[in-house]
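In what follows, a single structure is set out as structure tokens and then discussed.
There are 2 protein chains.
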Amino acid sequence: MPKSLHQRAIEHVGSRIVDGSIPAGEVILAAELESELGVSRSVIREAVRVLASAGLVVSTKRVGIRVLGPEDWNPFDPLVIRWRLAGGGQGAQLRSLTELRVAVEPMAAELAAEHAPAEFCGELLNLAARMRHAGRSGDLGSFLELDIRFHAMVLAASGNEMFANLANPIAETLRGRTELGLMPERPHEEALAWHQAVADAISAHEPHLARESMELIMRRTNQEICGVWAHAPRLFPQPRA
Amino acid sequence: MPKSLHQRAIEHVGSRIVDGSIPAGEVILAAELESELGVSRSVIREAVRVLASAGLVVSTKRVGIRVLGPEDWNPFDPLVIRWRLAGGGQGAQLRSLTELRVAVEPMAAELAAEHAPAEFCGELLNLAARMRHAGRSGDLGSFLELDIRFHAMVLAASGNEMFANLANPIAETLRGRTELGLMPERPHEEALAWHQAVADAISAHEPHLARESMELIMRRTNQEICGVWAHAPRLFPQPRA
DNA sequence: GAGACTTCATGCCTGCACAGATTGGCGTCA
DNA sequence: TGACGCCAATCTGTGCAGGCATGAAGTCTC
Chain A
-9 MPKSLHQRAI EHVGSRIVDG SIPAGEVILA AELESELGVS RSVIREAVRV LASAGLVVST
51 KRVGIRVLGP EDWNPFDPLV IRWRLAGGGQ GAQLRSLTEL RVAVEPMAAE LAAEHAPAEF
111 CGELLNLAAR MRHAGRSGDL GSFLELDIRF HAMVLAASGN EMFANLANPI AETLRGRTEL
171 GLMPERPHEE ALAWHQAVAD AISAHEPHLA RESMELIMRR TNQEICGVWA HAPRLFPQPR
231 A
Chain B
-9 MPKSLHQRAI EHVGSRIVDG SIPAGEVILA AELESELGVS RSVIREAVRV LASAGLVVST
51 KRVGIRVLGP EDWNPFDPLV IRWRLAGGGQ GAQLRSLTEL RVAVEPMAAE LAAEHAPAEF
111 CGELLNLAAR MRHAGRSGDL GSFLELDIRF HAMVLAASGN EMFANLANPI AETLRGRTEL
171 GLMPERPHEE ALAWHQAVAD AISAHEPHLA RESMELIMRR TNQEICGVWA HAPRLFPQPR
231 A
């Protein structure tokens, strides 16, 4: 599937910046990229503009396109997240996203219990039942996809569009977790019960119970993931802004 | 200060989309924008590419530049957040950001207590002391700026770059809250004590205490903000993805 | 209703002029 | 001699104008 030249240019440069192939501080010239990719100026210029909007580069006259470091990247940019998950900084990205999940999902469950429309409640109950079935029969592939849809549904049901927007990176987190073999052979019976409890509490409009049930899930998630990547270096910006 | 034509084009089109002047579904032509802004194609094309990366538009051959609706916007894009805060959707944006704060900041405080380098602890204690002084003397302007720096410092001290990146929108949230007169005449003595407790707990490396103290702050914040904007409509995407 | 044809806006390319930041040379002065 | 300040050359992104290619939408025919 040959995408547009524009997208390929973004991909080519952006992925190399995020995986460290092009170090921060490096200065590249638009003309270099033109000949390197065999495309014209307009393609390069438009791609650079998009990369600049993600904080990956700044372009200044007479000097060129300066590559910025991780402290300047927009960590919520979907492209940045994807490139980080694909490359070497995978562990740090998974840990960051998991910490975000642990913070956000209990709140999302609480809000969902207050505001979720009926369709979402029905779908949540449906998903919880199917998760139990898939989990008990050991169908890990189906379980993963149902798990993804369950958590995306809770985030959407919160009615907070920022929460809902985290569904995609969180889905990638869940996929990454299973790909790396951080999941148990088959889901714990407790986990199945907790998901059911979340769906029940949201459907019954019990915010406090929904939050607590989701916190149980997140507590285990946090142990599973953040323990593994605890050694990965943390990024601290300059204290003085 | 006349910015670059590129930035002005982004601003012109993007702000009109977010504030609803250009409704979702509308199709605009690049040629229209050229004559409307009196700039050349390259400027328009580069601007459209950036707007497309934020999910505001999609451009397809033979049809033009189609404006997308709020459900497709990237709610974490700094430009989108700024435009939403500037326009009519201000209330919903403030509520969303506040809910995000309430979820994230206790977790950030917990992580900060585990990982924060010494410089951050010193600065936090310093800021807490100055906040108390400014708060008791009724200097609300200074208090606001110190409050912003305090919360930004906690987020940075968590060592999670996604949390740290929320400092700017959260700062705007705090400014918006005071501009709209949602703050008390002078800060409550309790609030001053809670901020001090957060700084103390982080400095003493007591994660649980840091989280609980921050939760006290957030609980009040949530009451102050989300109560006011409770009526604003919530955005629910389609349950079926 | 299926397929071929026309249409038309974006995709992509190229040449040119301009603006502004860096660099280095030049002259001045201590 | 050496350090400083000014100015001009230079280099690179910014913006402009125009061209052809592409492919999706609509139309027409069978």
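Those sequence lines, one after another, are chains A and B.
Residues -9 to 231 in the numbering used here are what the first sequence lists, from first letter to last.
Residues -9 to 231 in the numbering used here are what the second sequence lists, from first letter to last.
A virtual CB, placed ideally from N, CA and C, is assigned to each residue, including glycine.
Computed from a predicted structure; not experimentally measured.
Which residue comes first and which comes last in the beta strand (DSSP E) that contains residue 12 (chain A)? Note, residue 12 (chain A): premise wrong, no beta strand (DSSP E); not H, not E.
CB contact check: residue 131 (chain A) to chain B, cutoff 8 Å: no
Could you check whether the Cβ of residue 1 (chain A) sits closer than 8 Å to any Cβ belonging to chain B? Not closer than 8 Å to any Cβ of chain B, the Cβ of residue 1 (chain A) fails to qualify, so no.
Helix, strand or coil at residue 81 (chain B) according to DSSP, with G and I counted as helix: helix
Measuring only the C-alpha atoms, how far is residue 175 (chain A) from residue 210 (chain A)? 15 Å
Would you say residue 116 (chain A) lies against chain B (beta-carbon separation less than 8 Å)? no
8 Å Cβ shell around residue 44 (chain A) - same chain, five flanking residues per side excluded: 4, 63, 64, 67, 69 and 70
Please check if any C-beta of chain B sits within less than 8 Å of the C-beta of residue 86 (chain A). yes
Taking Cβ positions only, does residue 121 (chain B) come closer than 8 Å to chain A? no
With DSSP run on the structure shown, which of helix, strand or coil describes residue 125 (chain A)? helix
Looking only at C-alpha atoms, which of B:-3, B:57 and B:84 sits nearest to residue 159 (chain B)? B:84
Answer yes or no: do residue 201 (chain B) and residue 100 (chain B) have a C-beta to C-beta separation smaller than 8 Å? yes
Buried versus exposed call for residue 31 (chain A) [16 or more other C-beta atoms within 10 Å across all chains shown]: Exposed, by the Cβ-count rule.
Note down, in chain order, each residue of its chain lying with its Cβ closer than 7 Å to the Cβ of residue 27 (chain A), except the 5 sequence neighbours on either side. -1 and 2
Decide if residue 170 (chain A) is buried, meaning its Cβ has at least 16 other Cβ atoms within 10 Å, or exposed. With fewer than 16 Cβ atoms within 10 Å of its Cβ, residue 170 (chain A) is classed as exposed.
Taking Cβ-Cβ distances below 7 Å as the criterion, which residues of the region 149 to 161 of chain A are in contact with chain B? 149, 150, 151, 152, 154 and 155
Comparing C-alpha positions only, which one of B:38, B:150 and B:222 sits nearest to residue 19 (chain B)? B:38
Between the CA atoms of residue 42 (chain B) and residue 49 (chain B) - distance to the nearest angstrom: 8 Å
Rounded to a whole number of angstroms, what is the C-alpha to C-alpha distance between residue 13 (chain A) and residue -6 (chain A)? 26 Å
Over the uninterrupted alpha helix (DSSP H) stretch that includes residue 166 (chain A), give me the two end residues. 157 to 169
Comparing the C-beta of residue 200 (chain B) with each C-beta of chain A, is any distance below 8 Å? no
Could you pull out every residue in the same chain whose Cβ sits closer than 6 Å to the Cβ of residue 215 (chain A), ignoring the five residues on either side in sequence? 88
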